[in-house]
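Protein chains in written order, with our numbering: chain A, 1074 to 1218; chain B, 1074 to 1218.
Taking it in order: structure first as C-alpha cells, then the write-up.
There are 2 protein chains.
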Amino acid sequence: MDKNRLTGAIETLKESGVRMTPQRHAILQYLLSSMEHPTADEIYKALEANFPNMSVATVYNNLRVFKDAGLIRELTYGDASSRFDANVEDHYHVICQTCGKITDFDYAPIDLEHRAAEGTGYTVDSHRLEFYGTCPACQHYKKIQ
Amino acid sequence: MDKNRLTGAIETLKESGVRMTPQRHAILQYLLSSMEHPTADEIYKALEANFPNMSVATVYNNLRVFKDAGLIRELTYGDASSRFDANVEDHYHVICQTCGKITDFDYAPIDLEHRAAEGTGYTVDSHRLEFYGTCPACQHYKKIQ
DNA sequence: TAGACTAATTATAGATATTCTAAAGTAAGA
DNA sequence: TCTTACTTTAGAATATCTATAATTAGTCTA
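In C-alpha cells form, the structure reads like this:
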C-alpha cells in the first residue's frame, strides 16, 4: 500500500477534528490497501481477528465519517450491501455479473452532463457510469465447464 | 398507456410458460402505465385497494418473473429500495438528489464498452449511466427559500 | 501528570427491504 | 371436468444498516 495515502488520510481527518483511534486506523488501512471495493461486513470480518471486541456499528460509523470527510466513496449495486472505494479520483467500474467482482476502469470522464441538463431541465453536477460483463476468471470457468 | 405493450408483454410471458393471473396482470399494467419508476412497495400500495388480500411477496415474486423475462429492469440507487423500469429500451436516467425523482434522458448509447473490455480483460455486454443533480421543481423550491 | 470534558466504541434493540416456507388456491391443458 | 403444476398468501426469517444508552478512551488544561 501507498504509505503516503494513509498518512495523508489521517492528516485530512485530523484537520476536520476527527480523532485517530486504533479501529479507525485499521479500517482506513484496510480500505486503502484493498483493491476489492469491500463491503462493511467484509471489513468487519477482516479485522475481527485483530479487534475481537469491535462492533459492526463501529465499522459503519467510521465508514460514514470517512465518507463525510471525502476520503472514500460508497458504491451501491444490485446486491444488498454497499461497497466502499478508497479511490476518489474520477474513474469508472466494470462489474462481473457472475461473481460480483468490481474492477477499476480508468478513462477520461465523458462530457455529457450539460446535454443531460438541457434534455431534462435538471441542473446536473455528477454522473456515474458502470459496465457489466464477465471477468477473466469467470470467462475461464465458463469455458472449461 | 400503450395497450399494445401490455398485450405484447402478456404474449412474451405466455411464450416463456408463465401463467397469467389477476395479480400479475395488475402489476404489469401498473408498471407499463407508470412513468415514475416505482418501488415494490409503491406498486403494492397502489394495488392494495383492488387486491386487498395480495401479499408483498407476490409483488416481489412477479417483479422477478418479469425481470427474468426481460420485460422490466431493476434500478438500484443509494436509497434502500429497488426501483423498476418497464422501459427496457436503451436510455439513461437523471436523478434528483433532493427529492429522488428519476427522469428518462433519451440519448444515443455511448460507445465505450469495447474500450472497457480492452482496459480490463472483461467481456462487456451492457452499461449503465446516470446523472445526478436537481430537478426543476427542487430548483424552484431552493430559489424561493 | 491529574482531572475533566468530549468523542468514540460497544452491545443491543430496532427499522426496513427482501426472501423463504408451507399450506391453500387456481390457471390451463388433457 | 379433472388434474397437475404453478401461484398466492401469511407470516416468519434473514440481511443490512441505524439508533440508543452506557462504558471507555483520547485530549486538553492546569
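Cβ atoms here follow ideal geometry from the backbone N, Cα and C, with glycine treated the same way.
Between residue 1124 (chain B) and residue 1193 (chain A), the C-beta spacing is not below 8 Å. Residue pairing by DSSP places residue 1202 (chain B) opposite A:1202 in a beta bridge. DSSP assignment within the stretch 1109-1185 of chain B yields the following whole alpha helix (DSSP H) runs of 4 residues or more, N-terminal first: 1113-1121, 1129-1141. Interface criterion not met: the Cβ of residue 1113 (chain A) is under 8 Å from no Cβ in chain B. Comparing C-alpha distances from residue 1160 (chain A) to each of A:1092, A:1122, A:1109, A:1190 shows the shortest one belongs to A:1109. For residue 1139 (chain A), the closest Cβ of chain B is not nearer than 8 Å.
For residue 1089 (chain A), there is no enclosing alpha helix (DSSP H), as DSSP marks it with neither H nor E.
Excluding sequence positions up to five before and after residue 1170 (chain B), its CB lies within less than 6 Å of the CB of 1205, all in the same chain and listed in chain order. Relative to residue 1144 (chain B), the option among B:1153, B:1133, B:1157, B:1132 whose CA is nearest is B:1157. DSSP places residue 1193 (chain B) in the helix class (H, G or I) of the three-state scheme.
Taking 8 Å as the Cβ-Cβ cut-off, the stretch 1188-1200 of chain B approaches chain A at 1188, 1189, 1190, 1192, 1193, 1194, 1195, 1196, 1197, 1198, 1199, 1200, given in chain order. For the stretch 1085-1100 of chain B, no residue has a beta-carbon sitting nearer than 7 Å to a beta-carbon of chain A. In chain order, 1096 place their CB closer than 7 Å to the CB of residue 1131 (chain A), counting only its own chain and leaving out the 5 sequence neighbours on each side. Residue 1202 (chain B) and residue 1183 (chain B) do touch by the CB rule: their CB atoms are close to 7 Å apart, below 8 Å. Proximity of chain A to residue 1207 (chain B) at the Cβ level (cut-off 7 Å) is accounted for by 1195, 1196, in chain order. In the same chain as residue 1093 (chain B), and ignoring 5 residues on each side of it, the C-beta atoms closer than 8 Å to its own belong to 1083, 1086, 1087, in chain order.
As computed with DSSP, residue 1080 (chain B) is found in no beta bridge at all.
Nearest to residue 1212 (chain A) by alpha-carbon distance, out of B:1217, B:1101, B:1103, B:1190, is B:1190.
For residue 1144 (chain A), the nearest beta carbon of chain B is not closer than 8 Å to its own beta carbon. Of all alpha-carbon atoms in A:1119, A:1152, A:1196, A:1101, the one lying nearest the alpha-carbon of residue 1134 (chain A) is that of A:1101. Identification of chain B residues near residue 1172 (chain A) by a Cβ-Cβ cut-off of 7 Å yields none; the smallest Cβ-Cβ distance measures about 11 Å.
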